[in-house]
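Here the structure is laid out as structure tokens; the discussion comes afterwards.
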Amino acid sequence: MTWKTLDDFHLNEKRVLVRVDLNVPFVDDQITDATRIERIIPTIRDICASGGIPILLSHLGRPRRQRNPDLSLKKLIPSLETLLSTPITFVADCRGPAVLGTVNASKGGTILLLENTRFYAGEESNDLEFAAELSRIGDIYCNDAFACSHRSHASIDAITRFLPSCAGRLLQSELCALEASLASPKRPLTVIVGGSKISTKFGILSNLIGHTDYLVVGGGMANTILAAQGLSIGASISEPTFIENAKHLLKRAGRTGCNIILPSDIIVACELSAHSRTKTLPVGNCPHNAMILDFGPESIDRIHAVLESTQTLIWNGPLGAFEIDSFATATIAIAQRAAALTRSGQLLSVAGGGDTIAALRKAGVTEHISYLSTAGGAFLEWLEGKPLPGIVALTRKS
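Okay, structure coming up:
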């Protein structure tokens, strides 16, 4: 671990500029999922308990570098105050003398929330001048936004050039969980990757083949690999232009000893509908007018058997069209088995991505997975083996 944490700093009376991810979903100005707010509470409380002044930086939506009242962070104040049980001071800017005056007048334990960083052109361009302006507000910079750490933005990357920097509690726990699950996992290591397009996750699959013992591939991605094996996939979603890539993937897996697990039996239907008639068929027998929409019971049993011997599991993406109950059977069954093994202490399980967490929530097991990553894009880029700018920046000397 080459990055610092809050424990490496004396925080009393220090202004701690904390980059958080408050990009939460709204319906009619009501937050529909406050998970991202809930996960930053330990960092804020620890800074306050040490006598520091947490100054929160975040973006919300895509205001395209213009002030947009609908995307002001001011609308988050009620939720933050409820969850933290303390008043929050909102500052309608994130740079300049007025902000600095408010910050300098604040005492230890005061919590401030600055305006949407994406209202400013310098944020998304990773502008050094904008980062320098932000840095004048704080004494210490703390990144607690793993979900944004794949972005080279000023409040994530450039700012570390001007302030001593560290990871917050959420980022620290994310990095430790990811380190334990892929960089130095207990083996056997199994990775489940689902999704509709193999093109969007081909880099992930390529990277994982060199690291994992079992690679379970689901969704439309699996269809492209099945087609590469010469099997009939009917009218299923696939990417014919990636069939040659899939063939190379299979050959490489054979050379490295990575076991790629695809469905051996399939649930098919002629339309993606809650009322469509389904059939369970051996893989390769999909009718020309039908689509593969889930793994069958034989395939589920095979994955269960793999999980029984697995010590570390990483999961990104459902196996079928889980939004419709008829095609959620495999995802739910495997999620419940993974949760049971995690509860018994046999398995370290790490899951990330919006669809993955939605599927685990549908299975009723989110409380029984070792670690749920709040990140989407950052989690995927980490799986692909790419360096994340926000994490690399924490190792930089200011």
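Plus 26 on top of the position in the sequence shown (first one is 1) and you've got the numbering used here. Ideal placement from N, C-alpha and C gives every residue a C-beta, glycine not left out.
Neighbour-count burial assignment, residue i, 16 or more Cβ in a 10 Å radius
i      : result
Gln92  : exposed
Cys120 : buried
Lys212 : exposed
Thr28  : exposed
Val242 : buried
Arg90  : exposed
Gln372 : exposed
Val53  : exposed
Ser122 : It should be pointed out that residue 122 corresponds to Gly in this sequence rather than to Ser. Gly122 is exposed by the Cβ-count criterion.
His85  : buried
Cys312 : buried
Glu205 : exposed
Glu155 : exposed
Glu159 : buried
Pro413 : exposed
Glu393 : exposed
Ser210 : exposed
Ala316 : buried
Ile75  : Residue identity check: residue 75 is Ala in the sequence provided, not Ile. It is exposed - the Cβ of Ala75 has fewer than 16 other Cβ atoms within 10 Å.
Thr136 : buried
Ala419 : buried
Bridge-paired residues (DSSP) for residue i
i      : result
Gln92  : Beta-bridge pairing links Gln92 to no other residue.
Arg45  : Leu83, Asn169
Gln56  : Val53
Lys305 : Val294
Ile340 : Val217, Val376
Ile137 : Answer by DSSP bridge pairing: none, since Ile137 is not bridged.
Ala193 : Thr31, Asn169
Ile286 : Leu241
Ser258 : Gly310, Asn311
Met317 : Ala295
Val117 : Leu140
Leu398 : Ala377
Cα-Cα separation, residue i to residue j
i      : j      : result
Pro51  : Thr112 : 23 Å
Gly236 : Cys284 : 7 Å
Ala401 : Cys174 : 8 Å
Leu409 : Phe116 : 36 Å
Ala377 : Thr216 : 12 Å
Ile66  : Ile417 : 17 Å
Glu149 : Ala279 : 41 Å
Asp59  : Leu110 : 16 Å
Gly78  : Thr128 : 15 Å
Thr282 : Leu234 : 11 Å
Thr108 : Asp239 : 45 Å
Lys446 : Gly346 : Residue 446 cannot be examined here, being either before or after the span of the chain that is shown, 27 to 424.
Asp72  : Ser207 : 27 Å
Thr226 : Leu126 : 43 Å
Leu406 : Ile57  : 25 Å
Lys223 : Arg162 : 44 Å
Gly310 : Gly256 : 8 Å
Ile103 : Ile259 : 51 Å
Leu252 : Thr186 : 46 Å
Gln198 : Glu64  : 15 Å
Thr181 : Ala157 : Residue 181 is actually Ser in this sequence, not Thr. About 6 Å.
Gly164 : Asn130 : 10 Å
Arg5   : Glu334 : Any property of residue 5 remains undetermined from this structure, which presents the chain solely from 27 to 424.
Ile81  : Ser396 : 30 Å
Arg88  : Pro95  : 12 Å
Gly101 : Gly221 : The question names Gly, but residue 101 in the sequence shown is Lys. Rounded to the nearest angstrom, the two C-alpha atoms are 34 Å apart.
Gly229 : Gly411 : 9 Å
Pro308 : Ile114 : 59 Å
Thr421 : Gly390 : 38 Å
Cys296 : Glu200 : 41 Å
Residue i vs residue j beta-carbon contact at 8 Å
i      : j      : result
Asn152 : Ala184 : yes
Leu386 : Ala361 : yes
Leu138 : Ser132 : yes
Ile293 : Thr304 : yes
Ser290 : Arg328 : yes
Cys202 : Val44  : no
Leu48  : Leu99  : yes
His179 : Gly403 : no
Ala248 : His314 : no
Leu298 : Ile350 : yes
Val42  : Asp170 : no
Leu196 : Thr69  : yes
Lys245 : Ile218 : The sequence shown places Gly at residue 245, rather than the Lys named in the question. Their beta carbons are not under 8 Å apart, which means Gly245 does not touch Ile218 by this criterion.
Pro214 : Gln337 : yes
Ile287 : Val332 : yes
Decide if the segment 382-397 is in contact with the segment 341-351; the criterion is three or more beta carbon pairs, one per stretch, under 8 Å apart. yes
Assess, as a yes-or-no matter, whether the segment 363-376 is touched by the segment 347-355 under the definition of 3 or more beta carbon pairs within less than 8 Å. no
Three or more C-beta pairs closer than 8 Å, one from the segment 265-273 and one from the segment 319-328: is that the case here? no
Check whether the segment 31-45 and the segment 190-200 touch, using three or more Cβ-Cβ pairs below 8 Å as the test. yes
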